[in-house]
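Report on the following structure.
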DNA sequence: ACTAGCCATCAAGATCGCGTCAAAATTCGT
DNA sequence: ACGAATTTTGACGCGATCTTGATGGCTAGT
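Chains as they are written, first to last, in the numbering used here: chain D, 199 to 430; chain H, 199 to 430.
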């Protein structure tokens, strides 16, 4: 069943939306705070999120930004605020749609259907906040990494590097790609960074030099070996 | 460059949208009719379509429906009509977003960015570009080569050489072509390199001298035998 | 059979890229 | 402002890769 997470602090609106969704066979969960939303998305893996920007704790746009660090779940934003720059900001921070209150139930439902349509297109394999490659696990939401159930402590850059590789198991990512994704678009050729961080990662991941998880493709880039698809 | 198709019959609005998009380095095309839109999408393969529902010939929603029969291009609908059922209908017929006039340029641009973001997310998902020539497989993403399911370890230049040939199975690539693609534009005549690397590749690919995969065309260049089209 | 041109193979020296270490600079929390 | 953690930078050794030259085989034309 399709799971919808509704994030709002107005009981009346919550009740109305829940009723409309439940009547159409959606599996509805609700939370009233931004922190609760982040937790619920990480734990519940909803198929779509309806997010009111006016939350008591964290600003809704900040919720978007944080969730987008590790999840592509579609987010439909609700807001009483019709200000253009607010809309633009929310959409640029990862929201997939922006509906201004008051809105009709029919429209909200239609926009949820659009979001779900995208999702089914984008990620046929359900997106998990935890990437697993062999005995390596990368929890994007909690910024935590384990190897064979042993916790590994990584710095932010180390984590970004590893998470990027883990998103494409077995695939070679070029020096340029990694540098641009982890360090930023203006770093294209500082491949010395990669050597340093690859070395540190191997040490922290306790890589066996004979069978390393993090493999160098000389002159090209780096990749994580994926035991599921190839042995080396 | 990102291509945007704008479909509208009001010259003033077309001008405004075109100006805003052009200023942001988009490649803009415009048409004024529904039939023109369908043709332009089929021929021009835009990255996103901005579609006004009020067209002189076909209804915009009908344009959505017809385009969706063969294309997933994101469609952002514009309309002066704020009626709920009209919105719902458009969204359910394949529109990805619905903006009611009057709208701000900033918001339209933000919604176009959202549409493009979706599109970009689709692409990298599934495809692993694997070139297959007979029992030889060249996985460009993994920089891995197998012959009859046996892994082959290649150096960067060897890989580039083989990948180039595998891109044109059965076709002869001249010395000059290979040198320029693999070694760079300033290498045009160092064909001794080719002999060395062809030799190393044959050894690593375990080529039978009687039926080599990598064939020399004397005085011209090299080619990979493609069992699918010719026997040798 | 001889020669010229092109090709295959081998091996040695030169070069390049990588891994590693450690110090300097920067950032961040307190 | 201070100290700790992190990032950036430089230096160095090593091994793999690339380059280069030498040697010999094959084919076609004379």
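For glycine and all other residues, C-beta sits at the position ideal for the given N, C-alpha and C.
Just so we're clear, the structure is a prediction, and the values are computed from it rather than from any experiment.
Item                                                                                                                                                                              : Value
Closest to residue 401 (chain H) by C-alpha separation, out of H:216, H:271, H:296, H:356, would be which residue?                                                                : H:356
Check for me: the alpha helix (DSSP H) holding residue 227 (chain D) runs from which residue to which?                                                                            : Note, residue 227 (chain D): premise wrong, no alpha helix (DSSP H); beta strand (DSSP E) at 225-229.
What does the Cβ neighbour count give for residue 299 (chain D), buried or exposed, with the cut at 16 atoms within 10 Å?                                                         : exposed
Is the stretch 326-334 of chain D close to the stretch 287-298 of chain D, with three or more CB pairs under 8 Å?                                                                 : no
Per the DSSP calculation, residue 412 (chain H) is bridged to which residue(s)?                                                                                                   : H:422
From the DSSP output, which residues share a beta bridge with residue 296 (chain H)?                                                                                              : H:275
Please confirm if the stretch 201-208 of chain H is in contact with the stretch 407-422 of chain D, defined as three or more CB-CB distances below 8 Å between the two stretches. : no
Between H:351, H:382, H:387, H:360, which has its C-alpha nearest residue 373 (chain H)'s C-alpha?                                                                                : H:387
Counting only the same chain and skipping the five closest in sequence on each side, list residues whose C-beta sits under 8 Å from that of residue 199 (chain D).                : 223, 224, 225
Does the beta-carbon of residue 254 (chain H) have 16 or more other beta-carbons within 10 angstroms, so that it is buried, or is it exposed?                                     : exposed
Out of D:212, D:426, D:252, D:368, which has the shortest C-alpha to C-alpha gap to residue 189 (chain D)?                                                                        : Limits of chain D in this structure are 199 at one end and 430 at the other, which puts residue 189 (chain D) out of reach.
Suppose the cutoff is 7 Å on Cβ atoms and the five residues either side in sequence are ignored; what does the same chain contact list for residue 385 (chain D) look like?       : 377, 378
Since residue 250 (chain D) sits in a beta bridge, which residues does DSSP pair it with?                                                                                         : D:276
Taking C-beta pairs closer than 8 Å, name the residues in chain D that residue 291 (chain H) reaches, listed in chain order.                                                      : By Cβ distance, chain D contributes nothing, its closest Cβ being about 10 Å from residue 291 (chain H), past 8 Å.
By how many angstroms is the C-alpha of residue 243 (chain D) removed from the C-alpha of residue 275 (chain H)?                                                                  : 30 Å
Is residue 370 (chain H) helix, strand or coil when you go by DSSP?                                                                                                               : coil
Using DSSP with H/G/I as helix, E/B as strand and the rest coil, what is residue 291 (chain D)?                                                                                   : coil
Can we say the stretch 255-272 of chain H touches the stretch 258-278 of chain D, given the rule of at least three CB pairs closer than 8 Å?                                      : no
With distances taken between CB atoms, is the gap from residue 236 (chain H) to residue 264 (chain H) smaller than 8 Å?                                                           : yes
Within 8 Å (strictly less), CB to CB, does residue 324 (chain D) reach chain H?                                                                                                   : Its pLDDT being 42, under 50, residue 324 (chain D) is placed unreliably by the model, and nothing is read from it.
Hey, quick one: how far does the beta strand (DSSP E) through residue 388 (chain H) stretch, first residue to last?                                                               : Residue 388 (chain H) -> no beta strand (DSSP E), and no H or E assigned at all.
Does the stretch 388-400 of chain H touch the stretch 336-349 of chain H, meaning 3 or more C-beta pairs lie closer than 8 Å?                                                     : no
Can you find the residues in the same chain that come closer than 6 Å, C-beta to C-beta, to residue 313 (chain D), ignoring five residues on each side of it along the sequence?  : 246, 272, 274, 294
Can you list the residues of chain H that residue 406 (chain D) reaches, using a CB-CB cut of under 8 Å?                                                                          : The premise fails here: residue 406 (chain D) is roughly 18 Å from chain H at the closest Cβ pair, so nothing lies under 8 Å.
One question on the structure: do residue 289 (chain D) and residue 361 (chain H) come within less than 8 Å of each other, judged by their Cβ atoms?                              : no
Measure from the alpha carbon of residue 337 (chain H) to the alpha carbon of each residue in H:317, H:316, H:364, then state which is nearest.                                   : H:364
Do residue 305 (chain D) and residue 201 (chain H) have their C-beta atoms within less than 8 Å of each other?                                                                    : no
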